[in-house]
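Residue numbers (the working numbering): 152 to 567. Notes follow the structure.
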Amino acid sequence: MKTCKNSGIKWIGNVPKHWEISKLKKHFIPRNQKVSDKDYAPLSVTKDGVLPQLDTACKTENGENRKLVCKGDYVVNSRSDRKGSGGVSPYDGSVSLINIVMEPTDGERAYYHYLFRCNNFVEEFYRNGRGIVSDLWTTRYQEMRNIDIPIPPLAEQRAIVSYLDGKVGQIDTYVAKQTQQIELLKELKQAVIANAVTKGIDTNPNAKRKQSGVNWLGEIPEHWEVSKLRKHFIPRIQKVSDKDFAPLSVTKDGILPQLDTACKTDNGENRKLVRKGDYVVNSRSDRKGSGGISPFDGSVSLINIVIYPIDGEQEYYHYLFRCNNFVEEFYRNGRGIVADLWTTRYQEMKNIEIPIPPLSEQRAIVSYIEAKTASINKLIDAYEQQVERVKEYKQRLISDAVTGKMNVTDEQTQTN
């Protein structure tokens, strides 16, 4: 059984007697070389680690003023609203100046990767920062370098990494399988919605149907109408300020209050008014599927289309416009040079033909969808809760291993 000592550091607690505690600055050198993202591919610093930056990512305008990252460097976002975003980079590249980049001078890099991504260290990192309010809190290298960290012997660092690689790999595989089940349930939910809003809910196989004459609809119940969207909606184009009308985000989960951490446009005075019950959709193809009926008054950026219904059941339209068939048809009517810059304007949208059941049937469809999707949502919630529990266990495991709360050699022996 190992002998422990009090580290004297609150976030670390007791550690094995033979471990050292020393300042981070003794093991890392800051990398501050400025480069261009034309010469060094842009990287994103995320909660999943350091990854190649997506083309759709929110970007700074100054691509010439970035920090160099070399493979094996540790990178962390200094802002508290990005808490937990960091890791050892598997790539050469560049990051925005808000990030701290450090080159290790000793030790096992993968050990540091686990150490710096454990919740205890993350909280200690931001505790050493400065700011007026929590979402503007920033930790600079000047503060970070004086954080005390646990340093096991190199052989033990490697043993910890080997142990965690195995355990974390098993956990990640399990999470991936559970996530796949969640995606399958979401696909089932989409199929239920799409079938109900385009085919109806009459299960009688002898019910009369007709060709809609519209590719994305196919056959529809014989008594349904098909008409252009413009006959049922009017565009709302009034410009307002986000000081008078709270900013809203147009997401794949619908219309939500904008988070303080969201990427914002510079011009808060030039936005579109949204009233509760309006349908809002992002016109850009790289935001495909972002839209819905707004449950709030507020404002959105000008890239969004805002329309309000003049007839029909609002919730029916909500489900209709969020079904994949309509989403694809919406963007098919757009214009652009490449897929991720494709934009659909209201001038094109207004001519899309949509199915219009009788009002009573629209309401019945809404009730049917709500009942069917409630059971699916319950299953999704159960899977998501299980995933969160397993992720919490993973964090505890990492924290215990890198701070010496478990003897990984004994653990590996018991496992074998």
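Glycine included, each C-beta is placed from N, C-alpha and C at the ideal position.
- Query: By DSSP, does residue 422 sit in helix, in strand, or in coil?
  - Reply: Within the sequence shown, the letter at position 271 stands for residue 422. Strand, per DSSP.
- Message: Once the 5 residues before and after residue 295 are set aside, which same chain residues still bring their CB inside 7 Å of it?
- Response: Counting from 1 along the sequence shown, the entry for residue 295 is found at position 144. Within the same chain, residue 295 has close Cβ partners 175, 251, 276 and 279.
- Query: When DSSP labels each residue in this structure, what does residue 443 get in the three-state scheme?
  - Reply: Reading the sequence shown from its first residue, position 292 is the one you call residue 443. Strand at residue 443.
- Would you be able to state if there are at least three C-beta pairs under 8 Å between the region 333-340 and the region 184-199? Short answer: they don't touch.
- Under three-state DSSP, which class holds residue 464? In the sequence shown, counting from the first residue as 1, residue 464 sits at position 313. DSSP places residue 464 in coil when its eight states are reduced to three.
- Is it buried or exposed for residue 153, if we count other Cβ within 10 angstroms and need 16 for buried? Sequence index remark: in the sequence shown, residue 153 carries index 2 (1-based). With fewer than 16 Cβ atoms within 10 Å of its Cβ, residue 153 is classed as exposed.
- Under a three-way DSSP split, which group does residue 156 fall into? Looking up residue 156 in the sequence shown gives position 5. In the structure shown, residue 156 sits in a strand (DSSP, three-state: E or B).
- Going along the chain, which unbroken runs of the beta strand (DSSP E) with 3 or more residues stay wholly within the region 249-290? 250-255
- Task: Compute the Euclidean distance between the alpha carbons of residue 341 and residue 560, then round it to the nearest angstrom.
- Result: As a position in the sequence shown, residue 341 is number 190, starting the count at 1. As a position in the sequence shown, residue 560 is number 409, starting the count at 1. Spanning the two alpha carbons is a distance of roughly 48 Å.
- Per DSSP, what kind of secondary structure is residue 231 in: helix, strand or coil? Taking the first residue of the sequence shown as 1, we reach residue 231 at position 80. In the structure shown, residue 231 sits in a helix (DSSP, three-state: H, G or I).
- Message: Using 8 Å as the threshold, is the C-beta distance between residue 229 and residue 324 below it?
- Response: Looking up residue 229 in the sequence shown gives position 78. Looking up residue 324 in the sequence shown gives position 173. No; because the gap between Cβ atoms is not below 8 Å, this pair is not in contact.
- Item | Beta-ladder partner(s) of residue 399, from DSSP | Mapped onto the sequence shown, residue 399 falls at position 248. Paired residue(s): 408.
- Message: Below 8 Å on the Cβ atoms is my contact criterion, and I expect residue 224 with residue 240 to pass it. Report the Cβ-Cβ distance as a whole number of Å.
- Response: Taking the first residue of the sequence shown as 1, we reach residue 224 at position 73. Taking the first residue of the sequence shown as 1, we reach residue 240 at position 89. Right, the Cβ-Cβ distance comes to about 5 Å (below 8 Å), so this counts as a contact.
- Query: Which partner residues does residue 225 have in the DSSP bridge list?
  - Reply: As a first step, residue 225 is located in the sequence shown; it is residue number 74 there, counting from the start. For residue 225, which the question treats as bridged, DSSP gives the partners 239 and 253.
- I think residue 397 touches residue 449, with their Cβ atoms under 8 Å apart; what is that distance to the nearest whole Å? Along the sequence shown, one-based indexing puts residue 397 at 246. Along the sequence shown, one-based indexing puts residue 449 at 298. The C-beta distance from residue 397 to residue 449 rounds to 5 Å, short enough to meet the 8 Å contact threshold.
- Roughly how far, in whole angstroms, is the beta-carbon of residue 508 from the beta-carbon of residue 458, given that I think they are within contact range, below 8 Å? Taking the first residue of the sequence shown as position 1, residue 508 is located at position 357. Taking the first residue of the sequence shown as position 1, residue 458 is located at position 307. About 19 Å; that fails the 8 Å criterion.
- Endpoints, beta strand (DSSP E) assigned at residue 204: Taking the first residue of the sequence shown as position 1, residue 204 is located at position 53. Element bounds for residue 204: n/a, residue is neither H nor E.
- Task: Look up residue 430 in the DSSP assignment and give the residues it is bridged to.
- Result: The residue given as residue 430 occupies position 279 in the sequence shown. According to DSSP, which records beta bridges pairwise, residue 430 is partnered with 444 and 458.
- Just curious, the alpha helix (DSSP H) that residue 511 is in, first and last residue? Residue mapping note: residue 511 aligns to position 360 of the sequence shown, counting from 1. Note, residue 511: alpha helix (DSSP H), 510-553.
- Message: For a quick check, are the C-beta atoms of residue 271 and residue 170 less than 8 Å apart?
- Response: What you label residue 271 is simply residue 120 of the sequence shown in a count that begins at 1. What you label residue 170 is simply residue 19 of the sequence shown in a count that begins at 1. At a Cβ-Cβ threshold of 8 Å, residue 271 and residue 170 do not count as neighbours.
- DSSP three-state assignment for residue 245, whether helix, strand or coil: Working through the sequence shown from its first residue, we reach residue 245 at position 94. Here residue 245 carries a strand assignment [DSSP, helix/strand/coil].
- Message: Buried or exposed, going by whether 16 or more other CB atoms sit within 10 Å of the CB of residue 379?
- Response: Here residue 379 refers to the residue found at position 228 of the sequence shown. Classification of residue 379: exposed, given that the 10 Å Cβ count is below 16.
- Message: Taking a contact to mean a Cβ-Cβ separation below 8 Å, would you say residue 304 touches residue 172 in this structure?
- Response: For the purposes of this step, residue 304 is taken as the residue at position 153 of the sequence shown. For the purposes of this step, residue 172 is taken as the residue at position 21 of the sequence shown. No. Outside cutoff.
- Message: I'd like to check one pair, residue 541 with residue 322: are the Cβ atoms closer than 8 Å?
- Response: In the sequence shown, the residue the question calls residue 322 occupies position 171. In the sequence shown, the residue the question calls residue 541 occupies position 390. For residue 322 and residue 541, yes; Cβs fall inside 8 Å.
- Can the beta-carbon of residue 242 be found closer than 8 Å to that of residue 222? Reading the sequence shown from its first residue, position 91 is the one you call residue 242. Reading the sequence shown from its first residue, position 71 is the one you call residue 222. In this structure, residue 222 lies closer than 8 Å to residue 242 by Cβ.
- Sequence-distant residues of the same chain with beta carbon closer than 6 Å to residue 408, five excluded per side: Position 257 of the sequence shown holds residue 408. Hits under 6 Å: none found.
- Query: Hey, how far is the Cα of residue 167 from the Cα of residue 493?
  - Reply: For this step, residue 167 is matched to residue 16 along the sequence shown. For this step, residue 493 is matched to residue 342 along the sequence shown. Cα-Cα distance, rounded: 58 Å.
- Examine the Cβ distances between the region 479-486 and the region 523-530 and report whether three or more of them are shorter than 8 Å. no
- What are the start and end residues of the alpha helix (DSSP H) that includes residue 333? Within the sequence shown, residue 333 is the residue found at index 182, counting from 1. Unbroken alpha helix (DSSP H) run through residue 333: 305-350.
- Name the DSSP beta bridge partners of residue 217, please? Working through the sequence shown from its first residue, we reach residue 217 at position 66. Paired residue(s): 186.
- Query: Taking the alpha helix (DSSP H) that residue 483 falls in, what are its first and last residues?
  - Reply: Taking the sequence shown and counting its residues from 1, one reaches residue 483 at position 332. 475-483 is the span of the alpha helix (DSSP H), which, as asked, contains residue 483.
- Message: Let me confirm a value: residue 234 is counted as buried when at least 16 other C-beta atoms fall within 10 Å, else exposed. Which label applies?
- Response: Counting from one through the sequence shown, the residue named residue 234 turns up at place 83. With 16 or more Cβ atoms within 10 Å of its Cβ, residue 234 is classed as buried.
- Query: Would residue 452 pass as a contact of residue 426 if the rule is Cβ separation under 8 Å?
  - Reply: Taking the sequence shown and counting its residues from 1, the one referred to as residue 452 is at position 301. Taking the sequence shown and counting its residues from 1, the one referred to as residue 426 is at position 275. No, they are not a contact pair.
- Check each candidate in 248, 182, 549 and 320 and name the one with the smallest Cα separation from residue 256. Residue mapping note: residue 256 aligns to position 105 of the sequence shown, counting from 1. Answer by Cα proximity: 182.
- Assign residue 293 to one of three DSSP states: helix, strand, or coil. What you label residue 293 is simply residue 142 of the sequence shown in a count that begins at 1. In the structure shown, residue 293 falls within a helical segment according to DSSP collapsed to helix, strand and coil.
- Taking all protein chains shown into account, do 16 or more other C-beta atoms lie within 10 angstroms of the C-beta of residue 513, making it buried, or fewer, making it exposed? Working through the sequence shown from its first residue, we reach residue 513 at position 362. Label assigned to residue 513: buried.
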